[in-house]
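In my numbering, the protein residues as written are 228 to 1182.
Written out as structure tokens, the structure reads:
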């Protein structure tokens, strides 16, 4: 072993699991003296050509001196990292710090030579790119700012690794060698490259789980029933397109098949490859199964077994060991304690779940962590009658259970570029990495709708979740900022999902209402007003309306340029002219087809047949070319497969539950969603309107403005000097004003007044009129308690106010009075910024006093805030009209308020050591703003995992 003098302490925090380009995983860790044999074995498996590229000469084997050099590191000036799978090296990278003369050096030298070697069998998997990210992060930590690499011109793969990384670099050619030099400071391009690679890798890792070529069910029971046998039956009934294998070590040796599926006692006994293993054995047997699967080359696991973190501390440790074990073999896990996965694609037809029936194929992706919620979602989407009726198609379904490895973030990466998914529905009981989730959600929502139900806020026992200090309402607001359609219940989740999957996005909030019931029309009108929509007067067609009347009225409404969406209300009618369910459905559908750019919804009362007829169609995808009108979304529809039943129709010989008369629509036609209550239909429409508005705004993102008077370097010097005093501190008044002043924020100074004479002197200096305030914690910002006296015009009034305060609240040392110059009258507001360890930096705004403290009327945005964000932040609070001339008052100077918000955002974004800022009150007058109170807290900056190399959550 290395002695203490030979190296620094082993840097365990450099260890990380990463997802490679093909979706497999590898572990990256520092190389130590214990790796000598692994290094030699690794080198023996590298081709002569790769060795030549590494050493610029034939180098068939490593000498003892080489092995010593490549395994003995000080972890500062000499560092080596290895990528491992199954405990064996598949690639290595090392750097050696050098001085200006190119020779070995120590700090303060800030340049290092870097070199890679990747086993030929693993080239093309993105191993070198992942190692470069990690070795660069290690180098930055050790004070190295620049890498140099010498590469033979023929080694084009390695040259591409360097040039594609996105770092600022220089290239030269001398003596037949290409020399590359590049700075290690992350750039906008390097972060974009890193995140694009992350998306591809994580998407592929989920694709390997959802579209396997072959599946083994480990734990298939010999007798009917049981989890394993049930899943095997579900796979068979769904018509999985690849080979299936049943595995149970208790099978008799002469058993060749079970239920027509080849039977084996071990995964090792299977002759062909196995892409996915469904694990349904007791928890104490799972480690043996993982080893068998890893040695056989299985790509991923769905672990249905329970007895892990949901069962307590021992189970949590068992879960951690499971993840470490699987990742060591390059496998990813869904689960444990999972319900399973489903992929309805005709090319896959995978039902590796406990759901007894395969959902109908469609274009809605579903994610749930709990099996019970997953069952509820599938049944709600599948059933007819009650709730939202009609046929709904599912592309993929994932129930992650304890979410030990694969999470909602991974599934989002998959859905982002999945051509079979148009709408994503997620029920999240917890969000493990809010910062990453909001980043991925923003990108996904820009391409397709993402509807989320956020759980109660307390994570289930089996979930590993980062601690967050943000209230649940704040997290919800941040999700909405990222384009997430945030709803509260499964019913609302399905309601919104059906509309978004079946109809184009509305171009505005104007809603036409028509139907055969005046009362139902008025109810819909009131619901629109409650949801912030702009309904047109309802059109009553009377109960005598025929199908032709509905068709003509809907056609007129859709042609009206003052209408963005139409809600049709329908009640049962009796009479010779009353339309049948099928006739009314066809009339509405044909009218809607003539104007495909506007969404149409139906509110029905006790018309199960109408709902089913409206839902009958061949595809949930919008019709190709439907985007001719403004606001329409177009998506690639998957054509029906030969011999497949059209989506929305029952197989031959069966009748869908609750269907009176299902009428098939033309192929590719829009499906019209039907709702049993006006409030539900309008709420879904309101969410679609807000999402469409977000999409339009996201297409033209705002800018983070530059201000010439910001002194970033001066603020950094001040912060470093203050932090030298300790780990964290709340700044005093003078220090706060000085720091904020570097960013053009100038609070009005308050002079302490421990005695009446001190107050009089301060007022004389400031000039009358003045304010006298008690600043004790229990009185601060509580004008309602009488602790603030304003507009004191002279010394007599000041002394009288001082006496009243001390008489009411106590001695001066108890109430801490201060004197402050009067600010122009205006609206009192509060501005806050805080760095949350899970979500990142958040800027908040609201009105000061009861509005924010009692009613929670605060709006939030992620930092950095753009000019568009600042504008919307002010207008997002319910009490915003007070800033815009409510009841004849003079409008406040909101542009000045927006500038203040942007300056606070810049301060927190530029200096992560500023972990909390509070400006209260901020008086927004007719002209300008006045900051009357300010506090700042500093602390060492929290780790930013979103700026570091790609890693999977640690276990």
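Where a beta carbon is used, it is the ideal one built from N, C-alpha and C, also for glycine.
9 Å Cβ cutoff met for residue i and residue j
{"i": "residue 269", "j": "residue 346", "result": "yes"}
{"i": "residue 1125", "j": "residue 1097", "result": "yes"}
{"i": "residue 823", "j": "residue 900", "result": "no"}
{"i": "residue 1069", "j": "residue 697", "result": "yes"}
{"i": "residue 902", "j": "residue 722", "result": "yes"}
{"i": "residue 519", "j": "residue 494", "result": "yes"}
{"i": "residue 428", "j": "residue 384", "result": "no"}
{"i": "residue 397", "j": "residue 389", "result": "no"}
{"i": "residue 1127", "j": "residue 1149", "result": "yes"}
{"i": "residue 977", "j": "residue 1160", "result": "yes"}
{"i": "residue 1137", "j": "residue 932", "result": "no"}
{"i": "residue 1001", "j": "residue 1014", "result": "yes"}
Other residues of its chain near residue i: CB distance less than 6 Å, five sequence neighbours each side excluded
{"i": "residue 625", "result": "568, 594 and 638"}
{"i": "residue 818", "result": "778, 781 and 782"}
{"i": "residue 720", "result": "652, 678, 680 and 714"}
{"i": "residue 320", "result": "308, 343, 358 and 362"}
{"i": "residue 304", "result": "324 and 333"}
{"i": "residue 969", "result": "938, 941 and 942"}
{"i": "residue 448", "result": "455 and 456"}
{"i": "residue 1017", "result": "998"}
{"i": "residue 666", "result": "none"}
{"i": "residue 505", "result": "444, 458, 529 and 579"}
{"i": "residue 632", "result": "550, 559 and 560"}
Cβ-based burial, residue i [other Cβ within 10 Å; buried from 16]
{"i": "residue 879", "result": "Low confidence applies here, because residue 879 scores a pLDDT of 32, under 50, leaving its location unreliable; read the following figure in that light. With fewer than 16 other Cβ atoms within 10 Å, it is exposed."}
{"i": "residue 1113", "result": "exposed"}
{"i": "residue 947", "result": "exposed"}
{"i": "residue 704", "result": "buried"}
{"i": "residue 330", "result": "exposed"}
{"i": "residue 571", "result": "buried"}
{"i": "residue 716", "result": "exposed"}
{"i": "residue 831", "result": "buried"}
{"i": "residue 974", "result": "buried"}
{"i": "residue 291", "result": "exposed"}
{"i": "residue 744", "result": "buried"}
{"i": "residue 1118", "result": "exposed"}
{"i": "residue 404", "result": "exposed"}
{"i": "residue 601", "result": "buried"}
{"i": "residue 769", "result": "exposed"}
{"i": "residue 540", "result": "exposed"}
{"i": "residue 281", "result": "buried"}
{"i": "residue 311", "result": "buried"}
{"i": "residue 335", "result": "exposed"}
{"i": "residue 733", "result": "buried"}
{"i": "residue 360", "result": "buried"}
{"i": "residue 1176", "result": "buried"}
{"i": "residue 240", "result": "exposed"}
{"i": "residue 911", "result": "buried"}
{"i": "residue 918", "result": "buried"}
Residue i beta carbon near the ligand FAD (any heavy atom closer than 8 Å)
{"i": "residue 940", "result": "Annotation note on the ligand FAD: not contained in the displayed structure, which lists no ligands."}
Contact belief for residue i with residue j at Cβ below 8 Å, rounded distance in angstroms
{"i": "residue 826", "j": "residue 915", "result": "7 Å"}
{"i": "residue 674", "j": "residue 641", "result": "That pair is no contact at about 13 Å."}
{"i": "residue 797", "j": "residue 829", "result": "6 Å"}
{"i": "residue 958", "j": "residue 1165", "result": "7 Å"}
{"i": "residue 655", "j": "residue 596", "result": "7 Å"}
{"i": "residue 670", "j": "residue 620", "result": "At roughly 24 Å, the Cβ-Cβ gap does not stay under 8 Å, so residue 670 and residue 620 are not in contact."}
{"i": "residue 316", "j": "residue 265", "result": "5 Å"}
{"i": "residue 341", "j": "residue 302", "result": "Not really, about 15 Å apart at Cβ, beyond 8 Å."}
{"i": "residue 419", "j": "residue 460", "result": "In fact, because the Cβ distance is near 46 Å, the residues do not count as touching under 8 Å."}
Counterpart residues of residue i in DSSP-defined beta bridges
{"i": "residue 316", "result": "311"}
{"i": "residue 463", "result": "DSSP, once it has assigned bridges, lists no residue as partnering residue 463."}
{"i": "residue 902", "result": "830"}
8 Å Cβ shell around residue i - same chain, five flanking residues per side excluded
{"i": "residue 438", "result": "570, 572, 574, 575 and 577"}
Contacting residues, own chain, Cβ-Cβ under 7 Å from residue i (five flanking each side not counted)
{"i": "residue 263", "result": "294 and 298"}
{"i": "residue 647", "result": "572, 590, 622 and 865"}
Residue-level contact to chain B via CB, residue i, 9 Å cutoff
{"i": "residue 1039", "result": "Among the protein chains of the structure shown there is no chain B, as only one such chain exists."}
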